[in-house]
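Residue numbers (our numbering), protein chains in the order written: chain A, 1 to 151; chain B, 1001 to 1332. Here's the structure we're looking at; comments come further down.
Structure, rendered in structure tokens:
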């Protein structure tokens, strides 16, 4: 799905593929967020915001209205302007994501969670992964700027 | 005799003039307070989002100090911002509306991270200041010049022990936040951010809205953790500190032996705290105790075979209260 979204932004999908992809994005909030993120990254990297914005906005508008009836901006300069190599993350199939979720669920269900027999004082074993997770998600100055210090 | 009368009249006139001058000073100093003083905070909140500005500010906490460049544009429809780290490791944040992406270039590649909406300086105040009003009282201080601009000092004093005091310098003309300090309860500075230079601009040109990264490097996308859309009742959480509310709940894989961890973010509008809850796998040691790293307090405990960890740049009392707000954890 990631590859499809990427290709959609490049105006390189055929009509059938585009309708299907747009329909899937319209149904899934997370896919829509991913689409917007890819759009932001690509638009800013190429700094062709005005053209790209027009193309991407028309896609989002179409998702909001009626996915099947969307019209394409075939004259978009996005496809020809792309100088970036395809990042590896854009080619991961969505099936892998579902598989990962299923694997996590299976591990969670099958894992034997017992009361731990031994404990660590966090003063001796600093929970760096929790601190970093907080810094990444907490929307504050101190979290964002301190994050650099922990890496 | 005439001399005495003349002296009395002169003294009286001088006293009247003095009183008049004092009155003027008093009225001037309290001009902000005549209206609803919270309007100034609302104005500061809106100015950071609605104005187009470019400047360099210095960020300082008790661990480090760094210069940051910010460019912010509001074209009437959308907000665009680029925040560039000028000292130390190269790092940039680009945002368009609520869509936020961070570029971390390394020697070999560029790590791209999707973030949730950030309340970074000068946009630290929430759009809805009611959240702040319920937790802080407000008073005005002196006036100072910051980054070449005249500023009014405003103090946000916490109404309880669960948050730190703030000292804000607001641009007298536009309301934009020019400087801020977060203090602890002993008036020691925890965090300070201050513009060295700031200017407004009217251009809607977006040529600056691009990261300065090597486009030939490999790009690695670090996906955001999955937001919980279901109302899964994994934990019973109640009796949070006054003013704190849940702003997000995600699950993510974490740890040396990766495992599924629930993370909640609670905020009172200015500060944020993370609560982590995860089952402790068989054979894995749990963590207990508390520690302070920089301005962050961390508190760990175990409940019903689950690890409960709270992290936040808030007073210790807040961390304890949020940890104790976990009333029960589902059996697993």
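Backbone N, C-alpha and C define an ideal beta-carbon position, used for all residues, glycine too. In this text, all values refer to a predicted model and were calculated from it rather than measured experimentally.
Distance from the CA of residue 1091 of chain B to the CA of residue 1245 of chain B, rounded to the nearest whole angstrom, comes to 31 Å. Excluding the 5 residues flanking it on each side, residue 1155 of chain B has same chain C-beta neighbours closer than 8 Å at 1138, 1139, 1140, 1141, 1165, 1166, 1167 and 1168, in chain order. Nearest to residue 1289 of chain B by alpha-carbon distance, out of A:33, A:28 and A:119, is A:119. Just so you know, the alpha carbons of residue 137 of chain A and residue 1265 of chain B end up roughly 8 Å apart.
Only those residues of the region 27–49 of chain A whose C-beta falls short of 7 Å from the nearest C-beta of chain B are listed: 36, 37, 40, 41, 44, 45, 47 and 49.
According to the DSSP assignment, residue 1292 of chain B belongs to no alpha helix (DSSP H) but to the beta strand (DSSP E) extending over 1286–1293. As DSSP reads the structure, residue 1055 of chain B sits in a beta bridge with B:1070 and B:1198. Among the CB atoms of chain A, one or more fall inside 8 Å of the CB of residue 1114 of chain B. One thing to note: residue 1100 of chain B has its Cβ within 8 Å of the Cβ of residue 1118 of chain B. Taking a C-beta distance under 8 Å as the contact criterion, residue 1195 of chain B and residue 1179 of chain B qualify as a contact pair. Any Cβ of chain A closer than 8 Å to the Cβ of residue 1147 of chain B would place that residue at the interface, and such an atom is absent. The C-beta of residue 1201 of chain B has fewer than 16 other C-beta atoms within 10 Å across all chains shown, which makes the residue exposed. For residue 1141 of chain B, no chain A residue has a C-beta closer than 7 Å to its own C-beta; the minimum C-beta separation is roughly 21 Å. In chain order, 139 and 144 make up the part of chain A whose C-beta sits under 7 Å from the C-beta of residue 1118 of chain B.
The three-state secondary structure of residue 1167 of chain B, taken from DSSP, is strand. Put simply, the CB of residue 118 of chain A is near chain B, with a gap under 8 Å to one of its CB atoms. By the Cβ criterion, the region 128–135 of chain A is not in contact with the region 1101–1118 of chain B, since fewer than three pairs of Cβ atoms, one from each stretch, lie closer than 8 Å. For residue 1324 of chain B, the enclosing alpha helix (DSSP H) has its first and last residue at 1316–1324. Residues of the same chain with a CB within less than 6 Å of the CB of residue 1235 of chain B, apart from the 5 flanking positions on each side, are 1277, 1326 and 1329 in chain order.
Residues 1190, 1294 and 1295 of the same chain have their beta carbon placed closer than 7 Å to that of residue 1062 of chain B, with the five preceding and five following residues left out of the count. CA-CA distance, residue 36 of chain A to residue 23 of chain A, rounds to 15 Å. When the Cα atoms are used, residue 1212 of chain B and residue 1283 of chain B turn out to be separated by approximately 46 Å.
With respect to residue 1055 of chain B, residue 1203 of chain B sits apart: the two C-beta atoms are not nearer than 8 Å. In the three-state DSSP reduction, residue 1238 of chain B falls in the coil class, being neither helix nor strand. Interface residue (Cβ-Cβ distance to chain A less than 8 Å): residue 1188 of chain B is not classified as such. At a cut-off of 8 Å between C-beta atoms, residue 1194 of chain B does not count as an interface residue with respect to chain A. With the rule of 3 Cβ pairs closer than 8 Å, the region 1294–1309 of chain B counts as touching the region 120–129 of chain A. In the three-state DSSP reduction, residue 1216 of chain B falls in the coil class, being neither helix nor strand. Taking 3 residues as the minimum length, the beta strand (DSSP E) runs contained wholly in the region 1100–1148 of chain B are 1109–1115 and 1136–1146, in order along the chain.
Linking residue 1064 of chain B to residue 21 of chain A through their CA atoms gives a straight-line distance of about 46 Å. In this chain, the alpha helix (DSSP H) harbouring residue 46 of chain A covers 29–46.
Exclusion of the five residues before and after residue 1272 of chain B leaves 1265 as the residues of its chain whose Cβ lies within less than 6 Å of its Cβ. Just so you know, the alpha carbons of residue 1208 of chain B and residue 1066 of chain B end up roughly 21 Å apart. Residue 1042 of chain B: member of the alpha helix (DSSP H) spanning 1038–1050, first to last residue. Contact of residue 121 of chain A with chain B by beta-carbon distance below 8 Å involves 1287, 1288 and 1289.
For the pair residue 1274 of chain B and residue 27 of chain A, the Cα-to-Cα distance works out to about 30 Å.
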